[in-house]
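Number of protein chains: 4
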Amino acid sequence: MRILVTNDDGIYSPGLLALAEVAAAFGEVRVVAPDVEQSAMGQAITITRPLHYRATPMGGLEAYRVNGTPADCVVLGTHHWDKVDLVLSGINLGSNLGHEIWHSGTVAAAKQAALLGIPAIAFSALMNGREPEFDLLKPWVGRVLEALLREPRPFLINVNLPPNPKASCGPGSRCGGTRAGLCPAPTPWAGRTSGLWPTPTTSPRRAPTAGRWATTLSR
Amino acid sequence: MRILVTNDDGIYSPGLLALAEVAAAFGEVRVVAPDVEQSAMGQAITITRPLHYRATPMGGLEAYRVNGTPADCVVLGTHHWDKVDLVLSGINLGSNLGHEIWHSGTVAAAKQAALLGIPAIAFSALMNGREPEFDLLKPWVGRVLEALLREPRPFLINVNLPPNPKASCGPGSRCGGTRAGLCPAPTPWAGRTSGLWPTPTTSPRRAPTAGRWATTLSR
Amino acid sequence: MRILVTNDDGIYSPGLLALAEVAAAFGEVRVVAPDVEQSAMGQAITITRPLHYRATPMGGLEAYRVNGTPADCVVLGTHHWDKVDLVLSGINLGSNLGHEIWHSGTVAAAKQAALLGIPAIAFSALMNGREPEFDLLKPWVGRVLEALLREPRPFLINVNLPPNPKASCGPGSRCGGTRAGLCPAPTPWAGRTSGLWPTPTTSPRRAPTAGRWATTLSR
Amino acid sequence: MRILVTNDDGIYSPGLLALAEVAAAFGEVRVVAPDVEQSAMGQAITITRPLHYRATPMGGLEAYRVNGTPADCVVLGTHHWDKVDLVLSGINLGSNLGHEIWHSGTVAAAKQAALLGIPAIAFSALMNGREPEFDLLKPWVGRVLEALLREPRPFLINVNLPPNPKASCGPGSRCGGTRAGLCPAPTPWAGRTSGLWPTPTTSPRRAPTAGRWATTLSR
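Residue numbers (numbering that gives the first Met the number 0), protein chains in the order written: chain E, 0 to 218; chain D, 0 to 218; chain R, 0 to 218; chain A, 0 to 218.
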């Protein structure tokens, strides 16, 4: 399985490395990410200047940095690598919930993949005033991948990881998925959570994406 | 009625002036638009630098230019002008159909307004290798506004004007609305066109982008 | 005489219009200026993306805006207009004295012209917390042009206009030119002011920036 | 001795690492460099948005990346580190000779240091269609440092390294320094080359900087 990994915090982000390392257990990984932070860039694409694509050291992984947006990285990355099976975006430094998703470059990268017909998952990690503990989150990212890769494809999923997933997701906790919607409208609950999330609920946190599935994992 | 007018082609675009002039027949108009072209910026917002807001001559209209994105202009413009009733974006130099809407700054400005609870319409004009004839289009923009302002609010509409609306929209032509969708899904035709467009259809309003309305006026 | 006019405050700046209007009494004027403010850009040139060149309304003058730096505007403007005789840059909103000249886009535009072998003058206006009164300054800009156009060419001059030149430049005031230098060196006063400035001095003209002339008009 | 190292090719450039590693033999090294390529930015400084300063892994060296220009990096780097003794800029991927120096961010970083009263050397490496062999150049950078640190301070030097210094700089080769000048003017030879360069010559390559010393090491 070919897995393209990107983000919007830029090639330096520890969240990108964490996600790529988890992904490497599931298939062949290539990282193509912005050279600088591109937070809040939405699904902007670059149309007025040429893009550069440069190899970058990143652990033992194959990685490239691009002078463009997250959506640019997905377009370029899938153009230069045939038959990408899955696009992962993140792990974002901070949540992408509610209206944040309309501006989020992390989510936009996943949307861009979905527009190209490729299953995609955006990962974001809640911050409580400090950087997420990625070593603690990595096993949970793996569990999310295991669960979602059993789903029919294509899919577009937006996952928000709590600071400490184990503590958050016990019985009775409100873990579940929601479908995207504009704020005034009541948001129909649409979680699909067999396996990973025990409690389908009506979440007060709308984490919509783009007409398909949004999944939140929140307290 | 307070009407905020913006675009993504920048404060200089003749399409912006044309739209603002039509709007002036419907209410009090204020123009807040990017100082330079922001095409394909999607719903990017500016979070890493301060925005400036400067008065700009523009016919007799009250107009400001902002060193930011279309979505920035809507956020700033509605923040500094209480109780905006309607946001208009465009007239874009070129169509915004199909997947173009995901990257379009023109449509994103309207989406940003809808997220803030304000009715919004994006206007785009098809180009056949040359600039649209805005004098020819302006009466049709007026007719679209007349029709849409009778609709219940809030709404989010994406209008694409053909080069010569009168010629295009006769009986039998395919004028109508479509629902947004991700690419793999078949896009149900879902126009609703009483009054302006000759071919009424069944579906309620659909959003190109955000769960509400998409309206296209195409051959 | 062909006179290319540019600045670093951008095509909208009232100082640019004032300078172009004065220049129009001396020859054929074309304005090529940045589309947005480019203050403190130094002599940066654009090498990683294409530049656009667009006609812009500006009184009755021929004017173009460029998505680039002041130095870009001079390179493009002289490339597309044969045999430019003089490049004027400004009138800058604020002084360009001392080390400011190393970062100034206004001065850099004039330096760029000098590198291309074209006489050039940078104009800056001191601000006392408000915008310069350009109507008051315009006759003095004309007097500077009259005086400098009698000089042998090529030249590179940096003129700083006081808020009220008439009041500032009486007998005994320190009006004159100075030589550029790196900070540790004492800066010899080197004005040369026959005609315009009352206090002639010994030193030949000196460039603030490039081995030739710097002329300041200060209290 | 505190040595601040920067460049204009960005924090990733192998030339930056090579220069920092050589510098580490001469004193305490801190790297502060742009997060992305800033070639041709001249002495631009950032005045319209906040700058960020982030620690970055770079071998065992203390290194920071800044979302700004080379001149910004020198200003920030010397502001946050008291009593910097020397600023080194480079090793640039490509020469900085003749008029290139007016646009060069590499040279501008050194100029910025000189304006702040700190001795500075810019290093550039000629490219013959491929990346310079920095391992081969590093001993020569060391020899240049040894020679220049014996000079009276402050100084501002622009060094251009040939692809293979040993081969280039034998007896009879044209190695020498030149003083900056505008192109039409005859460039007075002004090399000071005791020790390192055996043959003071009149170089056809003017490598000027800023009114002080420019030193070229060329075939």
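Glycine included, every Cβ here is placed at the ideal spot set by N, Cα and C.
Shown in chain order are the members of the segment 60-86 of chain A whose Cβ falls below 7 Å from a Cβ of chain E: N66. The Cβ atoms of E/L18 and E/G89 sit closer than 7 Å to each other.
With distances taken between CA atoms, A/M0 lies nearest to A/V83 out of A/R152, A/V83 and A/Y52.
Each residue's CA atom was taken as its position, placing A/E130 and R/L114 some 29 Å apart.
Straight across, the Cα-Cα distance linking R/A121 with E/S12 is about 44 Å. Judged by DSSP secondary structure, E/V28 falls within the beta strand (DSSP E) whose first and last residues are E27 to P33. Just so you know, the alpha carbons of A/V30 and A/N91 end up roughly 15 Å apart. Just so you know, the alpha carbons of A/P161 and R/N95 end up roughly 37 Å apart.
R/L135 and R/N127 have their alpha carbons spaced roughly 15 Å apart.
What R/R48 touches in chain E, judged by beta-carbon distance under 8 Å, is T47, R48 and P49, going in chain order.
For E/M126, the closest Cβ of chain D is not nearer than 7 Å. Contact check for R/A23 against R/T5 fails: the beta carbons are separated by 7 Å or more.
If you look at D/I100, you'll find it in the alpha helix (DSSP H) that goes E99 to H102. Comparing alpha carbon positions, the residue from E/D8, E/G67, E/L16 and E/I10 closest to E/V140 is E/L16. Following the DSSP letters along the chain, one finds R/V74 in no beta strand (DSSP E) but inside the alpha helix (DSSP H) bounded by residues P69 to H78.
In this structure, the straight-line span from the alpha carbon of E/I44 to that of A/G26 is close to 45 Å. Annotation: A/H98 to D/V73 spans about 44 Å, alpha carbon to alpha carbon. Sorting A/R149, A/V158, A/N163 and A/L144 by C-alpha distance to the C-alpha of A/I2 places A/L144 at the top. Only exposed fits E/R48, as fewer than 16 other CB atoms lie within 10 angstroms of its CB. When the beta-carbon positions are compared, D/D7 and D/P69 come within less than 7 Å of each other.
Check the Cα spacing between D/G116 and each of D/A124, D/G93, D/H78 and D/E132: the tightest is with D/H78. Counting along the chain, D/R142 sits inside the alpha helix (DSSP H) bounded by residues F133 to L147. Close to chain R, meaning a Cβ-Cβ distance shorter than 9 Å, is no residue of the segment 124-154 of chain D at all. Taking the beta carbon of R/I2 as reference, no residue of chain A falls within 9 Å; the closest one sits roughly 20 Å away.
Counting only Cβ-Cβ distances below 7 Å, E/Y52 has no contacts in chain A at all, with the closest Cβ about 13 Å away. In this model, A/A62 and A/R53 are separated by some 8 Å (Cα to Cα). Here D/D34 is buried: its Cβ has 16 or more other Cβ atoms, across all protein chains shown, within 10 Å. Between the beta-carbon of D/G41 and that of D/W101 there is about 7 Å, and that keeps the pair under the 8 Å contact cut.
Ranked by Cα distance from R/N163, the options R/T105, R/V65, R/S123 and R/L147 are led by R/S123. Against chain A, the CB of E/D34 has a partner CB under 7 Å away; the residue lies at that interface.
Proximity to E/K110 across E/L87, E/K137, E/L125 and E/I46 peaks at E/L87, based on C-alpha coordinates. R/M57 is outside the set of residues whose beta carbon lies under 7 Å from a beta carbon in chain A. Distance from the CA atom of A/G104 to the CA atom of E/E150, rounded to whole angstroms, is 51 Å. Below the 7 Å Cβ cutoff, chain D contributes no neighbours of E/S12, its closest Cβ being approximately 15 Å away.
Looking at A/H51, A/V106, A/P153 and A/L148, the one whose alpha-carbon comes closest to that of A/N159 is A/V106.
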